[in-house]
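A.B. asks: One structure follows; several queries about it will come next.
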Amino acid sequence: MRDLRDMWEIGGLVQDQNQDRVADQVNIWFDLNDELHPEGLIDFCARLGFETTSLSFDFLQENNRYSNRLSFVKDEEETYVEWNLNHLLIYYQNEEAVSILLRFLAGKWHRNFVGDVPVKRIKLNDSEIWIEVEDGNITVSPVESQNTTISEKIYKVDSLTKVWNEIGFMHNEKASPINNHHVLFLTEDTLEHHSWIEIYYGASRIGMESTALSFPITGKNSTNALTFQFQSREAENASIQLDGNVIQFTGASKSLTNAISYFFRERHWTFGGHFGSWEQKFKKLDNKDEVLFQVTWEDEGEKQELFDKVEEWNRYIEDKKDLDINIFISEPNVIRDDIKKTIESKFPMANVLVRSAFKPGYFWLTEEVLPNLLKLKQQIGSVVINCLKEERADGLELPIRWIQEIYPVDEVMAKELQIDSCFVDFNLCESLDATYEVIAKDLDGNQLYENQIVIPVSKVPYVEEGKYSYPTTAHLSICEGKKQIVQHTFQTDRERFYTFYAESILSELWAKTDRTSANGGFTRPLFDRIEINVEMSEEELKLPVGEERISSLEALHEDLYFNTLDYFLVKGEQTVGNGYTSPGGIYPFISVREGIKPKADITAYKWIDRTKESILTEQLLFNHEQRTPIEVKYRFGKGQKLMNESINSHVQVEKLPDDLPRPTKAQFHTWIADYSYRNKPIFVYEIVANTEETYYSAIKLSASKPTILIETGHHANEVSSMPAVAELIDEIIEKHPYITENMNLVIIPRANPDGTELHKQMILDNPEWKHHAARYNAVGLEYSDVRYQDTIFGEGNVVPKIMNRWAPDIVIDNHGIPSHEWTQPFAGYHIPPRFHMSYWIPNAMIYGISRMLNQKTYPEHSVVLNKITHGIQQKVKASKLQDMNNYWMERYKKYGNQFMPELFPIELTEELIFYKWETKTDSTSTSAISRFPEWVSADLISEAADETVYGDALDSCKEAQKLFNLGAIEWIRSDIQEVYKNYDLEGIRIERSRPLKVPVTSRILS
Ligand SMILES: [Zn+2]
């Protein structure tokens, strides 16, 4: 049978309703009459709340949800407590005596107080506590040995809405798993019954929200403590007034009860409640635009120049026989056919070839070589493509650029030739008479075919002085027999526009940006955004290989975006000694329009400094009629001017946007962590073991079991993680329910709503491009750079708030990489030089990155990380993704790693690519594990090949994200984590040891 020792244990006055070994409800109702209001019951309620992770305000009245009942029985002789079956009986002589007993039970009593003997009674005898066991009494001093205590914690409260906010109850500014409190409740006998009830409830909620709480919280004085003072006064209205570290509740009966009730019951507006709702409007920014400059650009275009040149040379060629007219032009196949027909009709005797000036090697192999091979009507055994090594010293091109430019021709040719793609191979040649030479052999190794081609290039300055790119370009040459008569190299439409942009627009943008602010270009943009609307006729071709496509305008999109970034990086280095990382939003909107002359329209918008004014709520007024406040006094803005405002009793609740992915089966809680720069609410989902309770404490839940944070949609063009995590939550509930038993899950379902909005606009024209320009926020800022800075870019505040609210053990940031080739002809064909690792083609369908602390200093973190990487590896290995990973690994080796292993690195954990980035601890870092190494166990990034994919490809990426997240967490078991409870003079404390404990034998639970 249970005895008084079990009072504060599960099965005692608290209960575990969902079998996760964590107390999640109170398990007692109080039989209170309106005569007796012991102060010590405040302590008792605080302790009751402390012992649970969630509760409801329904235990101060008869309630059959709870197995135990607490009754007070007046007794002339003695004050003591007994627990008879489900009845906790407190006999009392007077209110003062019962408070002393209650304070003892709240502040000192615990399971092992007297050792392993059943306790029959706990009695107050004069000023001592007697604990009655089988064979006698144990005497201890009661809890109030001192009259005055000093709180070590200094409370600096500048606003009532910082007492309760979206983080919880009075968290320190610095995130921590510990939320320790020293509070004091000062009451008066004249308070009416309903006010007392609300005070008792309030104490229980504060207890629940604390991981360490000093006792007693009544019946004494306490310096520095956060003090709640309740005073009954005859007055029309009641008020809650902030005065230093004292929160005063003053007023007459009903209105005072309304005030107390509102303060302790009402949920914060970010959770759909009313509390603090008058501050909501100040969380949004005004978004007026101011144009910096606007320019339009038009050009006759490459096609016109070609025809003009042919016209000009007419006199050299009209009477010639045996003519070869070779043209390279950056136009789609249909237009190139038209050009060919037009020229052939002029020169019927000539042999006219109109080739693509974008990826010309690829088109030569597929449009000319391949049909010739098929015409041989012989089984081809192998095809070898010899590619000239690129060696221009001032060029950004990689030595393998000519191999890159034919990607993925091996698969395309192999399919047509009905051979395995490993039999279409290439060599990197130091010297070759041409750019490419192709040799095809039969199955016995006899040569069947040979051909070669020279590809023209131009020279275009890169945004960094002294660096150039040598993109393939437009070209016209006319030969008579073997003799070249004339030749002309000219700019493609892309080169025309890019050159104009680089020469005129970038310099104008630079000249017109405001660079007076010290953090301009870093945590504050130099311009709001530049919109580059381009229309051009170019090749847009989907290939029969995975997600591959040939799109010269997607390449231009990437060039405009990244080269603008690089331009400002260089400018920053030149002017302020540090490369600008956040110049502003760069929005290339490009429309592919067959046959038109190229044109563009560019508008740059000015950066306008905005501030989120601080608002400090000092007073709330209540009347006796309504439970929400009628008026608020707050200090606002820089001048801290005191303002009066009446308060609307209705709150405009922000609904989840229709297109925001969410679980459909799992129960989840939502809150608005902040608003994005463009005023979109950023929601957080919290998934915890289900309970029936009204309130739960994030920090208490985290003290009881591990917590996982998963951020999705960080880079908005990386599209798979947002729908994937919503699905994962449902799958966890349905198939892996032990996960919510073992941990709390916190999800950012769309971390970057402004980026997502921009991405939405960009995919209207070009649904399958990568759209890197939509990865950052509205003004082109990598918002994780401004974390922990209380920035106006609300997207940067979300993770810091979650770190503070939950103190998660594992932080996972779901990302993505291109699903197909990423090329930038004006940055050396390869991706921009700023990247030290190649993302030119995917290296895997899914791979991982982890920030890794020094293994010697943090050996336990290292054990956790090994467990995680192994867990993910096992998940991927058992799925179809392993084949896809193998496929990409082979492609990555064939096209990159075998030639340049440093730029195309492969770092394997068993069979999975997992890069481990060595990370130093740094209390100012924006990365979780670096900033909080004492309590963050792992800091992970997933990368799925998902940059704007749909259908089956999206499904594979979602699967990849799900397996990654699942593999990273499903090994976690709460029962082996050590949760300590401490009882000392200071009070009580609950703490879970960090970092996470790893099970010794790996048991796959499923
Ligand atoms: Zn990313």
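In terms of UniProt numbering, the sequence shown opens at residue 1 and continues consecutively.
Heads up, the beta-carbon is just placed ideally off N, CA and C, and yes, glycines get one too.
Evaluate Gln491 with the Cβ neighbour count: other Cβ atoms within 10 Å of its Cβ, from every protein chain shown; 16 or more gives buried, anything less gives exposed.
C.D. replies: Per the 10 Å Cβ criterion, buried.
A.B. asks: Hey, out of Val183, Ala968 and Leu186, whose CA is closest to Gln873's CA?
C.D. replies: Looking at the Cα atoms, Ala968 is the closest of the given residues.
A.B. asks: Would you mind stating whether Ser71 and His87 have Cβ atoms separated by less than 8 angstroms?
C.D. replies: Yes; because the gap between Cβ atoms is below 8 angstroms, this pair is in contact.
A.B. asks: Under DSSP, the alpha helix (DSSP H) around Arg891 begins and ends at which residues?
C.D. replies: Residues Leu881 to Tyr892.
A.B. asks: Report the residue from Ile385, Val457 and Gln418 whose alpha carbon sits nearest the alpha carbon of Asn451.
C.D. replies: The shortest C-alpha separation from Asn451 is found at Ile385.
A.B. asks: Let me check you understand the geometry: is the CB of Arg775 closer than 7 angstroms to at least one non-hydrogen atom of ligand 1?
C.D. replies: Checking the Cβ of Arg775 against ligand 1 gives yes.
A.B. asks: Is the number of C-beta pairs between the region 357-364 and the region 450-465 that are closer than 8 angstroms three or more?
C.D. replies: Segments in contact, yes.
A.B. asks: Which one or two residues does DSSP pair with Tyr561 in a beta bridge?
C.D. replies: According to DSSP, Tyr561 bridges with nothing at all.
A.B. asks: Relative to ligand 1, is the shortest distance from any of its heavy atoms to the C-beta of His715 smaller than 7 angstroms?
C.D. replies: Flag set: Cβ of His715 near ligand 1.
A.B. asks: Could you check where the alpha helix (DSSP H) with Asp730 kicks off and where it finishes?
C.D. replies: Taken as a continuous stretch (DSSP letters only), the alpha helix (DSSP H) holding Asp730 covers Ser721 to Lys735.
A.B. asks: So for Phe899, helix, strand or coil by DSSP?
C.D. replies: Phe899 falls in the coil class under three-state DSSP.
A.B. asks: For Gly816, is the beta carbon positioned less than 7 angstroms from some heavy atom of ligand 2?
C.D. replies: Ligand 2 is absent from the structure shown, which contains only ligand 1.
A.B. asks: Exposed or buried, Ile652, counting other C-beta atoms within 10 Å across all chains shown (16 or more means buried)?
C.D. replies: According to the sequence shown, residue 652 is Gln rather than Ile. It counts as exposed.
A.B. asks: Can you find the residues in the same chain that come closer than 6 angstroms, C-beta to C-beta, to Asn758, ignoring five residues on each side of it along the sequence?
C.D. replies: The question names Asn, but residue 758 is Leu in the sequence shown. Closer than 6 angstroms at the Cβ level, and outside the excluded window around Leu758, lie Ala774.
A.B. asks: Could you pull the start and end residues of the alpha helix (DSSP H) that Asn804 belongs to?
C.D. replies: Element bounds for Asn804: Val798 to Trp806.
A.B. asks: For ligand 1, is there any heavy atom lying closer than 7 angstroms to the beta carbon of residue 1011?
C.D. replies: In the structure as shown, the chain begins at 1 and stops at 1006. Residue 1011 is therefore absent and cannot be evaluated.
A.B. asks: Quick check on Met349: does DSSP put it in helix, strand or coil?
C.D. replies: Correct three-state label for Met349: coil.
A.B. asks: Output needed for Thr628: all residues of its chain with C-beta closer than 7 angstroms, excluding positions within five of it in sequence on either side, in chain order.
C.D. replies: These residues qualify, in order along the chain: Tyr262, His274, Ile647 and Ser649.
A.B. asks: Return the Cβ separation of Pro842 and Ala945 in integer angstroms, given the expectation that the two are a contact with Cβ distance under 8 angstroms.
C.D. replies: Going by Cβ atoms, the distance from Pro842 to Ala945 rounds to 4 angstroms, so yes, they are a contact pair.
A.B. asks: Please list, in chain order, all residues of the same chain as Ser927 whose beta carbon is under 7 angstroms from its beta carbon, the five residues on each side excluded.
C.D. replies: If we look at Ser927 and ignore the five residues flanking it on each side, its Cβ neighbours are Arg851, Thr919 and Asp939.
A.B. asks: On the DSSP bridge list, what partners appear for Pro177?
C.D. replies: Bridge partners of Pro177: none, in fact.
A.B. asks: Classify Glu947 as helix, strand or coil using the three-state DSSP reduction.
C.D. replies: It is a strand residue.
A.B. asks: Below 8 angstroms on the Cβ atoms is my contact criterion, and I expect Asn351 with Asp324 to pass it. Report the Cβ-Cβ distance as a whole number of Å.
C.D. replies: Correct: roughly 5 angstroms between the Cβ atoms.
A.B. asks: Please return the same chain residues whose Cβ sits closer than 6 angstroms to the Cβ of Asp425, not counting the five positions on each side in sequence.
C.D. replies: Here the set comprises Val384.
A.B. asks: Taking DSSP as the reference, what is the three-state secondary structure of Thr756?
C.D. replies: Here Thr756 sits in helix by DSSP.
A.B. asks: What does the Cβ neighbour count give for Lys244, buried or exposed, with the cut at 16 atoms within 10 Å?
C.D. replies: Before going further, note that residue 244 is Gly rather than Lys in the sequence given. Per the 10 Å Cβ criterion, exposed.
A.B. asks: Here's a check: name, in chain order, each residue in its chain whose Cβ is nearer than 6 angstroms to the Cβ of Val936, leaving out the five neighbours to either side.
C.D. replies: Taken in chain order, the residues that qualify are Ala928 and Ile929.
A.B. asks: Mapping the DSSP letters down to three states, classify Gln961 as helix, strand or coil.
C.D. replies: It is helical.
A.B. asks: Would Thr227 and Leu292 be called neighbours here (beta carbons separated by less than 8 angstroms)?
C.D. replies: Not closer than 8 angstroms, so no.
A.B. asks: Pull up the DSSP beta-bridge partners for Thr472, would you.
C.D. replies: For Thr472, which the question treats as bridged, DSSP gives the partners Val457.
A.B. asks: Taking the alpha carbon of Glu51 as the reference point, which residue from Ser676, Arg111 and Val949 has its own alpha carbon closest?
C.D. replies: Minimum Cα distance to Glu51 is reached at Arg111.
A.B. asks: Evaluate contact between the region 979-992 and the region 745-763, counting only Cβ atoms and requiring at least three cross-stretch pairs below 8 angstroms.
C.D. replies: Because the criterion of three Cβ pairs below 8 angstroms is not met, the region 979-992 and the region 745-763 do not touch.
A.B. asks: Would you check whether ligand 1 has a heavy atom nearer than 7 angstroms to the C-beta of Glu558?
C.D. replies: Not so, every heavy atom of ligand 1 lies at least 7 angstroms from the Cβ.
A.B. asks: Looking at chain B, is there any beta carbon in it that lies within less than 8 angstroms of the beta carbon of Glu558?
C.D. replies: This model lacks chain B altogether; it includes just one protein chain.
A.B. asks: Going residue by residue through the region 163-226, where are the continuous alpha helix (DSSP H) segments of at least 4 residues, counting only ones entirely within it?
C.D. replies: Runs found: 193-209.
A.B. asks: Can you tell me which of the three DSSP states His274 falls into?
C.D. replies: Coil at His274, not helix or strand.
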